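Using numbering that gives the first Met the number 0, the first residue of the sequence shown is number 0, and each one after it goes up by one. For glycine and all other residues, C-beta sits at the position ideal for the given N, C-alpha and C. Predicted, not measured: the structure shown is a model, and the values here were computed from it. A quick write-up on the structure given underneath.
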Amino acid sequence: MGEIDERLERGVALFRRAGDDDALLGAALLAFVGALEQFLDADLLARPELAEPDRAQLTQGRLGWARRADLAEQHGLLRGQHRAQVLEAARARVAMARGEACAWDAGEIQAFGRLVANICGRRELVRQIDQRAERARTTAAAAPPAYSTVPPRFPWVRLVATLLFLVALGGVLWVIYQQIDGPRLLGALGALPAPTAEPVPFEIDPSATPVQRRATIVGLGGTPGWLHVTPAFDSPTRAIQLADGMQVTLREQQQVDANNTRWQLIEAGGYEGWCPEANLAIGP
0 MGEIDERLER GVALFRRAGD DDALLGAALL AFVGALEQFL DADLLARPEL
50 AEPDRAQLTQ GRLGWARRAD LAEQHGLLRG QHRAQVLEAA RARVAMARGE
100 ACAWDAGEIQ AFGRLVANIC GRRELVRQID QRAERARTTA AAAPPAYSTV
150 PPRFPWVRLV ATLLFLVALG GVLWVIYQQI DGPRLLGALG ALPAPTAEPV
200 PFEIDPSATP VQRRATIVGL GGTPGWLHVT PAFDSPTRAI QLADGMQVTL
250 REQQQVDANN TRWQLIEAGG YEGWCPEANL AIGP
């Protein structure tokens, strides 16, 4: 259950620092959905009464969310009102995979996170999820800090005195340098470099330079996107944020995940990671 706990805690951490950032809220929702999916699949596979066709689809990662929710409800893992909430979250994940922005607000994601934490037996995380809302209310009620409107005085006298001192010091050092014949002394000590030969120009064979394919980030709707470590929406992300119109370099790797979402390995801002092909306008 280590990976389930990791995804749950990642979702809580993203939700607590998301604020009104739709991209972070969407990432938190993806982490919660991924944790619930793994928990339900593991519980269902452990039941000997599970039908063989369902077991085969679960093992191959091909079981749809509608059938998964039905099985979870049959075995007491979901209640009726929770089934609809889970299916809405799964539909939101598919929409984000197509490049759409997260349509859930912070309150809906908070309620879904509480549900997933309770189902997965991590009730202690519910308090952490609720603390995010309490912290937001406390921050909104706090008064802004007061700043002085009187501009500071520029220390002109100190600046002039410093400049005069530096000029005088430079003059003294220059006189000493000339009196001791500085260039000759430095040359004898090897501090001054000897003249070097002109470098021979050469031409680079253009045929040896690999052709790099470029693409443009699209479909984010003005919200920031994320570069994933592995081709999955609930995987860890790189530090760089993606934005509409950003130019990226394509790598020679593509993958398709269990939801038939096509992923492309790219390089952006010195970071390498995975991006859905739906968010790439690939150039010639």
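For the pair residue 235 and residue 22, the CB atoms are not nearer than the 9 angstroms cut-off.
Between residue 10 and residue 27, the beta carbon gap of about 5 angstroms places them in contact (Cβ cut-off 8 angstroms).
Residue 235 sits in coil when the DSSP states are folded into three classes, being neither helix nor strand.
The beta carbons of residue 279 and residue 215 sit closer together than 9 angstroms.
DSSP places residue 114 outside any beta strand (DSSP E); the residue lies instead in the alpha helix (DSSP H), whose first and last residues are 105-118. Counting every other CB atom within 10 Å of its CB across the protein chains shown gives residue 128 a total of 16 or more, marking it as buried.
Your pair residue 263 and residue 241 does not check out as a contact, with CB atoms roughly 12 angstroms apart and the cut at 8 angstroms.
Spatial neighbours of residue 8 in its own chain (CB-CB distance under 8 angstroms, excluding positions within 5 residues in sequence) are listed in chain order as 124. DSSP places residue 214 within a strand segment (E or B) once states are collapsed to three. In chain order, 98, 277, 278 place their CB closer than 7 angstroms to the CB of residue 218, counting only its own chain and leaving out the 5 sequence neighbours on each side. The Cβ-Cβ distance between residue 32 and residue 92 falls below 9 angstroms.
When the alpha-carbon of residue 251 is set against those of 238, 213, 80, 43, the nearest one is in 213. In the assembly as shown, residue 282 is an exposed residue. Its beta-carbon has fewer than 16 other beta-carbons within 10 Å. Non-local beta-carbon contacts of residue 220 in its own chain, meaning distances under 6 angstroms to residues more than five positions away in sequence, involve 100 in chain order. Within its own chain, the residues whose Cβ lies closer than 8 angstroms to the Cβ of residue 66, once the five positions on either side in sequence are excluded, are 53, 56, listed in chain order. No residue range can be given for residue 62, since it is assigned to no alpha helix (DSSP H) and is classified by DSSP as neither H nor E. Here the segment 155-163 makes no contact with the segment 59-79; the two share fewer than three CB pairs at distances below 8 angstroms. Here the C-alpha atom of residue 72 lies approximately 15 angstroms from the C-alpha atom of residue 44. Distance from the CA atom of residue 169 to the CA atom of residue 163, rounded to whole angstroms, is 10 angstroms.
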